[in-house]
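Comments concern the structure below.
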Amino acid sequence: MAETEKKPAASCECGTAPKLIFSCSGAADVGHISDLAARKLTREGAGKMFCLAGIGGRVSGIVETTKAASKVLAIDGCPLDCARKSLEEGGFEEFEHVRLSDLGMEKGKSPVSDELVDKVAAAGSERLVC
Amino acid sequence: MESWHHLTRLRHCWHSLCELHGSLVARSTIMASKVNRRRFLATAATGAAVGVAASASGAETPSIPLPDANTKSSVDGAGPGAECCRPATKLIFACSGAADVGKIADLSARKLSESGVGKMSCLAGIGGRVKPLMEAAEASETILAIDGCPLQCARNTLEQAGFKKFEHLCLADIGMVKGQTPVTDEAVAKVASQGKTKLPQ
Numbered sequence: 313m314a315e316t317e318k319k320p321a322a323s324c325e326c327g328t329a330p331k332l333i334f335s336c337s338g339a340a341d342v343g344h345i346s347d348l349a350a351r352k353l354t355r356e357g358a359g360k361m362f363c364l365a366g367i368g369g370r371v372s373g374i375v376e377t378t379k380a381a382s383k384v385l386a387i388d389g390c391p392l393d394c395a396r397k398s399l400e401e402g403g404f405e406e407f408e409h410v411r412l413s414d415l416g417m418e419k420g421k422s423p424v425s426d427e428l429v430d431k432v433a434a435a436g437s438e439r440l441v442c
Numbered sequence: 013m014e015s016w017h018h019l020t021r022l023r024h025c026w027h028s029l030c031e032l033h034g035s036l037v038a039r040s041t042i043m044a045s046k047v048n049r050r051r052f053l054a055t056a057a058t059g060a061a062v063g064v065a066a067s068a069s070g071a072e073t074p075s076i077p078l079p080d081a082n083t084k085s086s087v088d089g090a091g092p093g094a095e096c097c098r099p100a101t102k103l104i105f106a107c108s109g110a111a112d113v114g115k116i117a118d119l120s121a122r123k124l125s126e127s128g129v130g131k132m133s134c135l136a137g138i139g140g141r142v143k144p145l146m147e148a149a150e151a152s153e154t155i156l157a158i159d160g161c162p163l164q165c166a167r168n169t170l171e172q173a174g175f176k177k178f179e180h181l182c183l184a185d186i187g188m189v190k191g192q193t194p195v196t197d198e199a200v201a202k203v204a205s206q207g208k209t210k211l212p213q
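Printed below as a string of structure tokens:
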């Protein structure tokens, strides 16, 4: 019973449109963690990492796919919120957002580790559940 | 008459001294502004890079040495005399896309940053028009954009934000096909090496 309730997010019945994950992938440690967390979530099937640069660059295929997504998650490493702002600049208003500094990870003081990546991926996974 | 000549000469001397003083003041102001610009660049452009990760994680991730949180860039220099001779600001933006080639682009930008060839900055900050990152990019002398695939999202992001002049490296142009290029140390090193040639030494 418990297993049925905790089935993977990707298998929910919210339509065939994908859940897309955008990470800031910034230069700092927290940016790197956000990047690796997005890739981990993709491997686990919680959603599909997508190219944030395609939104910033207004690449039509990427923008259109994002418009059609059932859910969008933005992962930001630091309070500058570049991923969130990039999506907003691209005209996207409604999306989930995870900020690493809200999870206690400080820029420049959060060495990349499996534990931190897992922690971010877990927070992201929660936001992607329907 | 003699005293008149004496007075004129004294006046000339005084004017010369005033001009010399003026030029010295102007020069020191210019030098100060240069120092401030460098300091701004060191903070804004590389604030992110200062704490770049200590180690990569995950089985598929190649082990690429990255600087620890205390590693200071060469821009921070040593001593006041170093100001004039500091290297020009070279910023690197990677598409950091979802595909294998996007990850290679990302890791090669981090590698170049770690080796001091340039400084990786946050492309999302350009797409999001985030002020400090926009200003740092505007103030940089050279920009390198690394794109994983022919969609050229990094190039398009910079162009959308008004940047016209920058170096560009597309992994597809060096034989790396999207979806068919496993992320390896060799692939990352190859891209980093190509990127290095596009940045002034």
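Top line first, the protein sequences correspond to chains H and U. Just so you know, this note's numbering puts the end of the first sequence at 442, numbered straight through with nothing missing. Just so you know, this note's numbering puts the end of the second sequence at 213, numbered straight through with nothing missing. C-beta atoms are modelled at their ideal positions from N, C-alpha and C, and glycine is treated no differently. Since the model is a prediction, treat every value here as computed from it, not as a measurement.
Self-check item: Beta-carbon proximity of Ala199(U) to Thr193(U), cut-off 8 Å
Solution: yes
Quiz item: Mind checking Glu153(U): buried by the 16 CB within 10 Å criterion, or exposed?
Solution: exposed
Quiz item: Is the shortest distance between the beta-carbon of Leu211(U) and the beta-carbons of chain H less than 8 Å?
Solution: no
Quiz item: Do the stretch 148-162 of chain U and the stretch 100-109 of chain U touch if we need at least three Cβ pairs shorter than 8 Å?
Solution: yes
Quiz item: Among Glu427(H), Phe407(H), Arg411(H) and Leu399(H), which has the Cα closest to the Cα of Gly139(U)?
Solution: Leu399(H)
Quiz item: Where does Ser382(H) fall in DSSP's three states?
Solution: It is coil, neither helix nor strand.
Quiz prompt | Exposed unless 16 or more other CB atoms sit within 10 angstroms - verdict on Cys442(H) | solution = Burial call: exposed.
Quiz item: Would you call the stretch 166-177 of chain U and the stretch 358-369 of chain H in contact, with 3 or more CB pairs under 8 Å?
Solution: Touching, per the Cβ criterion.
Self-check item: Nearest-angstrom Cα separation, counted from Gly436(H) out to Val371(H)
Solution: 25 Å
Practice problem: Starting from Glu171(U), follow the alpha helix (DSSP H) in both directions and report where the run begins and ends. | Solution: Cys165 to Gln172
Practice problem: Give every residue of the same chain whose Cβ lies closer than 7 Å to the Cβ of Arg351(H), excluding the five residues on either side of it in the sequence, and list them in chain order. | Solution: Met361
Quiz item: What's the gap between the Cα of Gly109(U) and the Cα of Glu150(U)?
Solution: 23 Å
Quiz item: For Leu181(U) and chain H, any beta-carbon pair shorter than 8 Å?
Solution: With 8 Å as the cut-off, Leu181(U) does not count as an interface residue toward chain H.
Quiz item: Name the chain H residues that come within less than 9 Å of Thr101(U), Cβ to Cβ?
Solution: Residues of chain H passing the Cβ test: none, with the nearest at roughly 14 Å.
Practice problem: Please list the residues of the stretch 395-406 of chain H that have a C-beta atom closer than 9 Å to any C-beta atom in chain U, keeping them in chain order. | Solution: Ala395, Arg396, Lys397, Ser398, Leu399, Glu400, Glu401 and Gly402
Practice problem: State buried or exposed for Ala380(H), treating a residue as buried only when at least 16 other CB atoms are found within 10 Å of its CB. | Solution: exposed
Exercise. Could you check what DSSP says for Val410(H) in three-state terms: helix, strand or coil?
Key: strand
Quiz item: Considering only the beta carbon of each residue, do Leu181(U) and Gly207(U) sit closer than 8 Å?
Solution: yes
Quiz item: Going straight from the alpha carbon of Arg411(H) to that of Ala136(U), what length do you get?
Solution: Our two residues, Arg411(H) and Ala136(U), have alpha carbons roughly 14 Å apart in a direct line.
Self-check item: Endpoints, alpha helix (DSSP H) assigned at Leu415(H)
Solution: Taken as a continuous stretch (DSSP letters only), Leu415(H) belongs to no alpha helix (DSSP H), as it is neither H nor E.
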